[in-house]
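The next block holds one structure in the form of C-alpha cells; read it before the comments.
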Amino acid sequence: MLLQIQDGTLSIGAQTVLAHFDFEIRGNEKIAIVGRNGCGKTTLLRLLAGELSLDRDDHSKAQGILTSRSLTTGLLCQQAFSDTTITVEEELLKSCPCPDKWDRERFTWEQEYDRLFTGFGFSKEDKRKRLSQFSGGEQTKIALIRLLLAHPDILLLDEPTNHLDVETTEWLEEYLRQYAGAVVMVSHDRFFLDRTADTVCEFRQQKLIRYAGNYTSYKEQKSRDLAIQERSYRHQQEEIERLEELIERFKNKPKKAAFARSRKKILERMPKIEKPPVEDYHMFTGALEPSVRSAKWVLEAEHLQIGYDKTLLELSLRIRRGQKIGIIGPNGAGKSTFLKTAAGLIPPVKGTLTLGQQVLMGYFDQQTAALQSDLTVVEHFHEQFPSLTDKEVRQTLGAFLFTGKDTAKKVSSLSGGEKSRLVLAELFKSCPNFFVLDEPTNHMDIPAKETLESAFRAYTGTLLFVSHDRYFIRQVAESLLIFDDQSVFYYPFGYEHYLTHRNQGSGEELAASLRAEEQALLSRLQSVPMPERHRLREYSTEQSYEDWQLRLLTEPMEQTRMELEQFWNARDEIQEWADPAYAEDCLLKETALTDAYTKCCLAWYDKWAEFHPEPDKKTGLLPS
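So in my numbering, the last spot in the sequence shown is 709, and the numbers never skip.
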C-alpha cells in the first residue's frame with residue numbers, strides 16, 4: 086500500500102467535492118479517475134500531490150491520509166515552466182540525480198532521457214532550443230518527459246494525451262504499462278484508459294466507486310451493478326409498502342397489535358437500499374432516418390488530386406449508400422483536405438469528384454462549430470428551425486445533453502464541446518443522408534462522446550469522418566480509409582481488426598493483401614472493350630463490398646457456433662448434470678448461447694437479403 090485515505094472530506098470553497106470517502110493506491114496500480122466535467126477529478130490529483138489538504142473533521146477519529154515511508158509523487162500540470170528562456174536541456178538537467186558527467190548513474194539517466202525525448206517525437210536538435218520556441222502542447226510533452234525522468238512512486242497525470250498524435254500516444258501507453266510505480270490518471274481518451282488502466286474509480290454522489298479492470302470493463306460492471314441495484318431498490322420499496330400497509334391495518338386491533346409491532350421492528354431494522362442515481366444524459370435509441378434516400382453510389386472519385394498550392398495525394402474510390410467509413414493517418418497526410426474537397430469547400434487540383442443523385446450532405450468541422458451569437462441555445466435553435474414547437478426543440482437539444490439551465494446559456498458563452506454538440510444537433514435535425522465530419526468529438530467529455538456514438542450507430546445514412554479518437558472510431562466505423570505516405574488504401578473492416586493485423590506490413594501491403602481478388606479483376610479490365618469497363622468495375626467493387634460485409638458477420642457466427650458445440654461436448658461428459666442446481670445453470674447458459682447464435686445467423690441473413698432483394702410481386706422489378 087502506497088497511499089490510503091480514510092473517511093476523508095474534500096472541499097473547494099463552499100463546494101464539497103468528496104464526502105467521507107475512502108481511497109487507496111496499491112503497488113504498481115494504474116488507476117483511471119472518471120466523472121463528469123467539473124466533478125473534482127483534477128482537485129483529487131492535487132490532493133494526492135500534497136497541494137491540497139482534507140477538510141478538518143473533529144468528529145472523525147479515523148480521518149486522514151496514510152502513506153508509505155519516503156513516498157514520492159509527481160503531478161503533470163498544464164502550467165509547467167516558470168522560466169521559458171532557458172533551453173530544454175538546461176531545464177531537464179535540473180532533475181538529473183547526478184551532476185558528475187562521467188558517473189554510471191548519469192549515463193543511465195541520459196539513456197532514459199534520449200529514449201523519452203525521441204519517443205515523444207522530438208529530434209536531438211530540439212534539446213538546444215529555448216522552451217519559449219515550443220507550442221503549449223509541445224511544452225506539455227516536455228513537462229511529461231521531466232516528470233517521467235524523476236520516476237516518482239506515484240505518477241499523477243491530468244489529460245496526458247492532449248496534443249499527442251496517435252503514434253506518440255501508443256508509445257506512452259506502452260511506457261506506462263511497464264512503469265514500475267503506480268499511475269493515477271484523468272483522461273477523456275477512453276482508448277488510452279482501456280490500454281493502460283487496471284482500476285477505474287468513478288466520482289458518484291460525492292464518493293469514489295472502485296471497479297477492477299479497464300474502462301470498457303468498468304462500463305459493463307457499472308451497467309450491471311446499477312441494474313441489480315435498481316431491481317433491489319424496487320423490490321425493497323414494494324416490501325416496505327406491504328409492511329406499512331400491514332402495520333396500518335393491524336396496529337389498532339388488540340389481537341393483532343403484537344404482529345403489527347413485530348412488522349414495525351422489521352421495517353426499522355431493514356438496511357435501506359439507496360435509489361440508483363439517474364444519469365443526467367441518455368443514449369439515442371432507435372434508428373435515425375435521413376429525409377431522402379440517396380442513390381446507391383453516394384460519392385465517386387476518379388484520379389482525384391487534392392491539395393492547395395501543390396498536390397498532396399491522388400485517390401480513386403466509390404462510397405456506397407449506408408457505409409460508415411473512418412479516415413485515419415498521420416497529421417498533414419491530407420485527411421481534412423479530402424473532406425473539404427468532398428464537401429465542395431475547395432476545388433480538386435485535378436480529376437473528378439461526383440456526388441450521387443439526391444445526396445444531401447451534412448458537413449462539420451471546427452470552423453462550423455465556432456458559433457458567436459447573443460441568442461440563447463433555445464432561441465438559436467428556434468431560429469434555425471422556426472416550424473418546431475418549443476417541446477420539439479427542447480427534446481432535440483436534450484438528446485444532445487442540453488438540459489435545464491444549459492438551454493438558457495448564450496451561444497457565445499458555450500465551451501468548444503458544447504458548440505460542437507449544438508451544431509451537430511442542428512445537422513441531425515436537418516436529416517442529411519451523407520454526413521462528412523472532421524473531428525466531431527474534439528473538446529467533448531466522455532458522456533457527450535458516448536451520446537454521439539450512440540446516435541451515429543443508429544444512423545441509417547452514409548458516414549465519412551476523420552477522428553483522432555480511437556475509441557470513437559472503433560465504436561462507429563465499419564471500414565477505414567488509411568492515408569499513408571501520399572497514398573490512400575481502403576480497409577474493409579473496423580478499427581479493432583485493423584489494430585490486430587496492421588503489423589503484417591505497411592498500409593499498402595495490408596490493403597493489398599485484403600483486396601488481391603479485387604485488383605485481379607480490375608487488372609483484367611484492360612482487355613475489356615471500353616463501353617463494358619464501367620459496368621464490370623461496378624460489379625467488381627460491389628461484389629467485394631458484399632463479400633467483406635458478409636465476412637464481418639460470419640466470424641462472430643462461427644465463433645458462437647464453436648462455443649455452443651464446446652458447451653454441448655463438455656455437458657455430455659459432466660456427471661453433475663443430475664444435480665438440479667447445476668442443471669438449471671447449464672440450461673441458462675445453453676439458452677444464452679443458443680440465443681446468441683440465432684441472433685448472429687439472423688444478422689447474417691438480413692445482410693444477405695439486403696444484397697439479394699426479392700423483386701416486387703406486382704411489377705417484377707427490384708427495389709432501387
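Backbone N, C-alpha and C fix where the C-beta goes; we use that ideal spot for every residue, glycine too.
Checklist line | Segments assigned alpha helix (DSSP H), at least 4 residues, entirely inside the region 530-581 | finding: 531-543 and 555-561
Notebook entry, point to check: Can you tell which of V561, L678, F277 and K494 has its C-alpha closest to the C-alpha of S539?
Noted result: V561
Item checked: Helix, strand or coil at G483 according to DSSP, with G and I counted as helix -> helix
Notebook entry, point to check: Nearest to L373 by CA position, among D394, G546 and D92, is which residue?
Noted result: G546
Item checked: Minimum C-alpha distance to L456 - residue among C516, S497 and T439 -> S497
Next item on the list: Under 8 angstroms by Cβ, that's how I've got S421 and V551 pegged, so tell me the actual separation to the nearest angstrom.
Entry: 6 angstroms
Next item on the list: Just the C-alpha distance for C516 and G392, rounded to the nearest angstrom, thanks.
Entry: 30 angstroms
Checklist line | Pairwise C-alpha distance: L389 and S608 | finding: At S608, the pLDDT of 49 sits below 50, so the modelled position is not reliable; the number obtained from the coordinates is stated separately. Looking at the two C-alpha atoms, the distance is approximately 20 angstroms.
Item checked: C-alpha gap between A265 and L240, whole angstroms -> 10 angstroms
Next item on the list: Pick helix, strand or coil for L445, following the three-state DSSP scheme.
Entry: coil
Next item on the list: Can you give me the start and stop residues for the beta strand (DSSP E) that R403 sits inside?
Entry: T396 to R405
Next item on the list: Compare the C-alpha of S564 against each of V521, I410 and D394 and name the closest.
Entry: I410
Next item on the list: Grab the span of the beta strand (DSSP E) containing S488 for me, first residue to last.
Entry: Note that residue 488 is Thr in the sequence shown, not Ser. Segment: none, T488 is in no beta strand (DSSP E) and carries neither H nor E.
Item checked: Between the CA atoms of G298 and L95 - distance to the nearest angstrom -> 26 angstroms
Notebook entry, point to check: Distance, Cα to Cα, Q469 vs E477?
Noted result: 13 angstroms
Notebook entry, point to check: In angstroms, rounded to a whole number, what distance separates the CA positions of E324 and I358?
Noted result: 12 angstroms
Next item on the list: Find the nearest neighbour of T437 within the set R403, K534, T284 and M446, judged by alpha-carbon distance.
Entry: R403
Checklist line | Rounded separation between R289 and F106 - CA only | finding: 11 angstroms
Margin query: Just to confirm my understanding: we take G222, look at its own chain, exclude 5 residues before and 5 after, and list those with CB closer than 6 angstroms. What are they?
Written below: H248
Note to self: So for Q86, helix, strand or coil by DSSP?
What the structure shows: A quick correction: the sequence has Met, not Gln, at residue 86. Of the three classes helix, strand and coil, the one that applies to M86 here is coil, per DSSP.
Checklist line | beta strand (DSSP E) segment containing E385, residue limits | finding: W382 to G392
Next item on the list: State the CB to CB distance for the pair K336 and A343, rounded to an integer number of angstroms; the pair is presumed to be in contact (CB under 8 angstroms).
Entry: With a Cβ gap of about 10 angstroms, K336 and A343 do not count as contacting.
Notebook entry, point to check: Are the beta-carbon atoms belonging to G502 and H528 less than 8 angstroms from one another?
Noted result: yes
Notebook entry, point to check: Where L233 and T253 are concerned, what is the direct C-alpha to C-alpha distance, given to the nearest angstrom?
Noted result: 15 angstroms
Notebook entry, point to check: Is DSSP giving G159 helix, strand or coil here?
Noted result: strand
Next item on the list: Run the CB neighbour count on E617, radius 10 Å, all protein chains shown included, and call it buried at 16 or more, exposed below.
Entry: Caution applies to E617, whose pLDDT of 49 falls short of 50 and renders its modelled position unreliable; the value that the coordinates give is listed next. E617 should be labelled exposed.
Check: Do the region 201-217 and the region 170-179 meet, that is, are 3 or more Cβ pairs less than 8 angstroms apart?
Finding: yes
Next item on the list: Please classify I313: is it buried, with 16 or more other beta-carbons within 10 angstroms of its beta-carbon, or exposed?
Entry: exposed
Next item on the list: Out of A147, C162 and P433, point me to the one whose CA is closest to A134's CA.
Entry: C162
Note to self: Output needed for L103: all residues of its chain with C-beta closer than 6 angstroms, excluding positions within five of it in sequence on either side, in chain order.
What the structure shows: L95 and Q291
Next item on the list: Taking the CB atoms as reference points, tell me whether L398 and V573 lie closer together than 8 angstroms.
Entry: yes
Note to self: Checking 8 angstroms against the spacing of the C-beta atoms, do R559 and E535 come in under that value?
What the structure shows: no
Next item on the list: Starting from the Cα of R406, find the closest Cα among D394, L445 and E524 and give me that residue.
Entry: L445
Next item on the list: Please say whether L139 and L88 have beta carbons closer to each other than 8 angstroms?
Entry: no
Note to self: Please report the distance separating the alpha-carbon of Q100 from that of T127.
What the structure shows: 15 angstroms
Checklist line | Residue interval of the beta strand (DSSP E) (run including L293) | finding: K292 to A297
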